[in-house]
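Asks: Have a look at this one.
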Amino acid sequence: MYKVPSGAFPAKTKNNVYGGTTTYANNPIGYIAGTGYARSQGRVLYADMELTQSLDFITKGLTFGARISLDNYATYWDNNAKSFGYESATIDFATGEETYKTLRNEGVLSFGSSVGDVSNHFNLEARVNYEHSWEKDHKLNVALMYSMDKNTQKERNESTAFIDAIAQAHYVYKNRYMLDVSFSGTAASVLEPGNRWGIFPALGLGWILSEENYLKRNWLNLLKVRASYGIAGRANYDMNLFNSVYGVGSGYYFKDNITSLGGMKESRLGVTGFTYEKSHKANFGVDLVAWNRLLVTADAFYDHRTDILVDASGTMSTVLGIAAPKQNTGVVDNYGVELAAKWNDRIGDFTYQAGAMFSYSKNEIVEMNEQYRPYEYLRRTGKSLGQIFGYEVEGIYQNQKEIDDREVKQYLSEVRPGDLMFKDQNGDNRIDEYDQVALGYNSTCPEIYCSFDLGAEYKGLGFYALFQGAGNYSKVLNVNSVYRPLVSNNTVSTHYYENRWTKENPNALYPRLTYSGSNNNYNTNSLWVADASFLKLRTLEVYYQFSPKVMKKVSPLRNARLFARAHDLFSWDKIDIMDPEAVKAGHPLMTQYTFGVNLTF
Numbered sequence: 037m038y039k040v041p042s043g044a045f046p047a048k049t050k051n052n053v054y055g056g057t058t059t060y061a062n063n064p065i066g067y068i069a070g071t072g073y074a075r076s077q078g079r080v081l082y083a084d085m086e087l088t089q090s091l092d093f094i095t096k097g098l099t100f101g102a103r104i105s106l107d108n109y110a111t112y113w114d115n116n117a118k119s120f121g122y123e124s125a126t127i128d129f130a131t132g133e134e135t136y137k138t139l140r141n142e143g144v145l146s147f148g149s150s151v152g153d154v155s156n157h158f159n160l161e162a163r164v165n166y167e168h169s170w171e172k173d174h175k176l177n178v179a180l181m182y183s184m185d186k187n188t189q190k191e192r193n194e195s196t197a198f199i200d201a202i203a204q205a206h207y208v209y210k211n212r213y214m215l216d217v218s219f220s221g222t223a224a225s226v227l228e229p230g231n232r233w234g235i236f237p238a239l240g241l242g243w244i245l246s247e248e249n250y251l252k253r254n255w256l257n258l259l260k261v262r263a264s265y266g267i268a269g270r271a272n273y274d275m276n277l278f279n280s281v282y283g284v285g286s287g288y289y290f291k292d293n294i295t296s297l298g299g300m301k302e303s304r305l306g307v308t309g310f311t312y313e314k315s316h317k318a319n320f321g322v323d324l325v326a327w328n329r330l331l332v333t334a335d336a337f338y339d340h341r342t343d344i345l346v347d348a349s350g351t352m353s354t355v356l357g358i359a360a361p362k363q364n365t366g367v368v369d370n371y372g373v374e375l376a377a378k379w380n381d382r383i384g385d386f387t388y389q390a391g392a393m394f395s396y397s398k399n400e401i402v403e404m405n406e407q408y409r410p411y412e413y414l415r416r417t418g419k420s421l422g423q424i425f426g427y428e429v430e431g432i433y434q435n436q437k438e439i440d441d442r443e444v445k446q447y448l449s450e451v452r453p454g455d456l457m458f459k460d461q462n463g464d465n466r467i468d469e470y471d472q473v474a475l476g477y478n479s480t481c482p483e484i485y486c487s488f489d490l491g492a493e494y495k496g497l498g499f500y501a502l503f504q505g506a507g508n509y510s511k512v513l514n515v516n517s518v519y520r521p522l523v524s525n526n527t528v529s530t531h532y533y534e535n536r537w538t539k540e541n542p543n544a545l546y547p548r549l550t551y552s553g554s555n556n557n558y559n560t561n562s563l564w565v566a567d568a569s570f571l572k573l574r575t576l577e578v579y580y581q582f583s584p585k586v587m588k589k590v591s592p593l594r595n596a597r598l599f600a601r602a603h604d605l606f607s608w609d610k611i612d613i614m615d616p617e618a619v620k621a622g623h624p625l626m627t628q629y630t631f632g633v634n635l636t637f
């Protein structure tokens, strides 16, 4: 729908044939109703078994548990496909004569069947737990756990297996001082044989200050401080990265009668020293419960990620003659804070609640094997993951004289009136790839998340509202047809058309229209980097809960609740014509309304 201009052709002509043109063969109705159909059949099996056994006959407090699960999934497809026929319809406005020309005949319906996904997911977990208390002041909990996670796929080199062996100890002294220690050994099939195991320790400390005599207060229910540090490992890599790969090579001459023969060549070098990506996590937190109504949690964290698998081509010369292997040399730092508060209260028949959450998370690339860059502002190292780089827009060229008189020349493509004017970052009077700078924030995930919710109920009638938002977040507006009009025969949005540059509209928001595209306008630059921050009313619910007195009269019902609920009602943001969570030429996010009743018997 985004790619087909309105009125370019009829959905169907008078001959009951799908419409089209020599340029536009993508009739949306034809795609929906004229290409046949596919039918899928799925087989799903979820099997779980769990066993728990007390071992008090050995020693009191000792227990054993085991869990086995198997998920089997498969799909089978019957395909009945064809191409739809279409024709052009033209009219001679002088004579009124209509002409129809067949551009493609309807294809023959073809039949076929295929096997889709086939997978077996097996999980085994065994656990031994020991709890013991002595002298009223000491509590100890020790656990040993073994788990296996195996996933078998239909495709070659897609099956994986992971093993974890974990030892944990939790000790409490006088119900106020806590110590947690854990060691985990992990093995991953995707790593090289002989180097598949990794050991990851963790330590946690806690202190419940509200249990100290000098801090005990009637209004203070809980005050706890905690700190932890640990190392976690991750190996969600592709298969066989530690092996070199051979592929089809160039021809070579061989034998007495010189003949060119095909050969093989090494196309990818294996990763040497292949290992886990490691996350060194440190956290400090405070928990507070007061007046039996207020709950507050605050955390500050630091996550130092090392051994990240990154491309090594930036550190190797092309003299190597082959694509450089990846290396576990990347380093990224993450740090931030999380705050949450909740208040619940009751006044007679009236109850209410209010809560809020705020998190700020910042990351910085410390090492990424970055290639040499002549200017510091071009470097990705030191920036956030997903940081957007592009040209800084200074304005729009208004006429040819302005283009000719400007000392700085743009060498991206031919410059015409209505094109964007970029800033010369390095002072060489040229606009080229060396003038790209960091723009906005990262495009991967927001640095700020926040939410707050409100709820109240009076004699069964109540409501609940949840607001969610994000900040320090950028999106590149490279959406076809909406912000990239006419290029590759795409349509033009009303928004762009009304805000495009013309001689009569010199203060336009967007550059001139062009049917062939322009490297001066449709590249990554500050005009197209938008602030994607938003605040949404994510959920709103109004309900009525029938009272227990009423329900006693309606046997066998125990509970009844009527409700009306809405999701994604509206959004406050700076991207007016698109949802900041769905900046694309596709199906938009939709507001949903639900009305229902919950009955309990």
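If you read the sequence shown in our numbering, its first letter stands for residue 37, the second for the next number, and so on. Quick reminder that beta carbons are idealized off the backbone N, C-alpha and C, glycines included.
1) In or out: Gln407 buried (at least 16 other Cβ within 10 Å) or exposed?
2) For Leu670 and Tyr509, what's the separation of their Cα atoms in angstroms?
3) Less than 8 angstroms between the CB atoms is what I'm expecting for Leu180 and Ala203, so what's the real figure, rounded?
4) Smallest Cα separation from Asp381: which of Gly372, Tyr209, Gly391, Leu375?
5) Got a sec, what are the start and stop residues for the alpha helix (DSSP H) Val151 sits in?
6) How is the beta strand (DSSP E) around Lys511 delimited, first residue to last?
7) Go through its chain and collect everything with a Cβ distance to Ala602's Cβ below 6 angstroms, but skip five positions before and after it.
8) What is the residue span of the beta strand (DSSP E) that His206 lies within?
9) Shorter than 7 angstroms, the distance from the beta carbon of Ala224 to the closest heavy atom of the ligand FAD, or not?
10) Spell out the partners DSSP gives Asp489 in its beta bridges.
11) Can the beta-carbon of Val444 be found less than 8 angstroms from the beta-carbon of Asn465?
12) Could you tell me the alpha carbon to alpha carbon distance between Val518 and Gly622, rounded to whole angstroms?
13) Rounded to whole angstroms, what's the CA-CA distance from Ala224 to Thr196? Just pull it up for me.
14) In whole angstroms, what is the alpha-carbon distance linking Gly221 and Leu241?
15) Measuring alpha carbon to alpha carbon, tell me which of Tyr112, Pro46, Trp113, Asn165 ends up nearest Thr95.
16) Roughly how many angstroms separate the alpha carbons of Asn541 and Asn556, rounded to a whole number?
17) Tell me, to the nearest whole angstrom, how far the beta carbon of Trp537 is from that of Pro547; I am working on the premise that it is less than 8 angstroms.
18) Any contact of the stretch 314 to 323 with the stretch 254 to 268, i.e. 3+ C-beta pairs under 8 angstroms?
19) Given 8 angstroms as the limit, is there contact between the stretch 295 to 302 and the stretch 334 to 352, that is, 3 or more CB pairs closer than that?
20) Quick check: Gln423 and Ala506, are their CB atoms within less than 8 angstroms of each other?
21) Pick helix, strand or coil for Val472, following the three-state DSSP scheme.
22) Among Ala544, Lys539, Tyr533, Glu167, whose alpha-carbon lies nearest the alpha-carbon of Tyr551?
23) Enumerate in chain order the residues of its own chain whose CB-to-CB distance from Tyr500 is below 6 angstroms, with the five nearest sequence positions on each side excluded.
24) Tell whether a beta-carbon distance below 8 angstroms holds between Lys39 and Asn478.
25) Is Ala596 near Phe606, with beta carbons less than 8 angstroms apart?
26) Based on DSSP bridge pairs, tell me the residues matched to Val546.
27) What residue range is occupied by the uninterrupted beta strand (DSSP E) comprising Gly298?
28) By how many angstroms is the C-alpha of Ala238 removed from the C-alpha of Tyr213?
29) Tell me the rounded alpha-carbon separation between Thr57 and Gly143.
30) What is the DSSP secondary structure of Ala621, reduced to helix, strand or coil?
31) Could you round the C-beta distance between Ser155 and Tyr109 to whole angstroms and report it? I think they count as a contact, below 8 angstroms.
32) What separation, rounded to the nearest whole angstrom, lies between the Cα atoms of Asp471 and Asn535?
33) Let me know the beta strand (DSSP E) ranges lying completely inside the stretch 310 to 351, each 3 residues or longer, listed in chain order.
34) Count the other CB atoms, across all protein chains shown, that sit within 10 Å of the CB of Trp564; report buried if there are 16 or more and exposed otherwise.
35) As a quick exercise: from Val429, Gln389, Leu635, Pro361, pick the residue whose alpha carbon is nearest that of Asp460.
36) Comparing alpha-carbon positions, which option in Ile344, Val281, Ser296, Leu571 lies nearest Gly309?
Replies: Here's the rundown:
1) exposed
2) Lying before the first or after the last residue shown, residue 670 is absent from the chain, which here runs from 37 to 637.
3) 6 angstroms
4) Gly391
5) Element bounds for Val151: not the alpha helix (DSSP H) but the beta strand (DSSP E), 146 to 170.
6) 510 to 512
7) Leu576, Tyr629
8) 196 to 209
9) Ligands in the displayed structure: none, and consequently the ligand FAD is not present.
10) Gly391, Leu502
11) yes
12) 11 angstroms
13) 8 angstroms
14) 22 angstroms
15) Asn165
16) 19 angstroms
17) 5 angstroms
18) yes
19) no
20) no
21) Sequence check: residue 472 is Gln here, not Val. Gln472 falls in the coil class under three-state DSSP.
22) Tyr533
23) Gly491, Glu577
24) no
25) no
26) With the sequence shown as reference, residue 546 is identified as Tyr, and Val is not the correct amino acid for it. For Tyr546, which the question treats as bridged, DSSP gives the partners Arg536.
27) Gly298 -> no beta strand (DSSP E), and no H or E assigned at all.
28) 17 angstroms
29) 18 angstroms
30) coil
31) 5 angstroms
32) 27 angstroms
33) 313 to 326, 330 to 347
34) buried
35) Val429
36) Ile344
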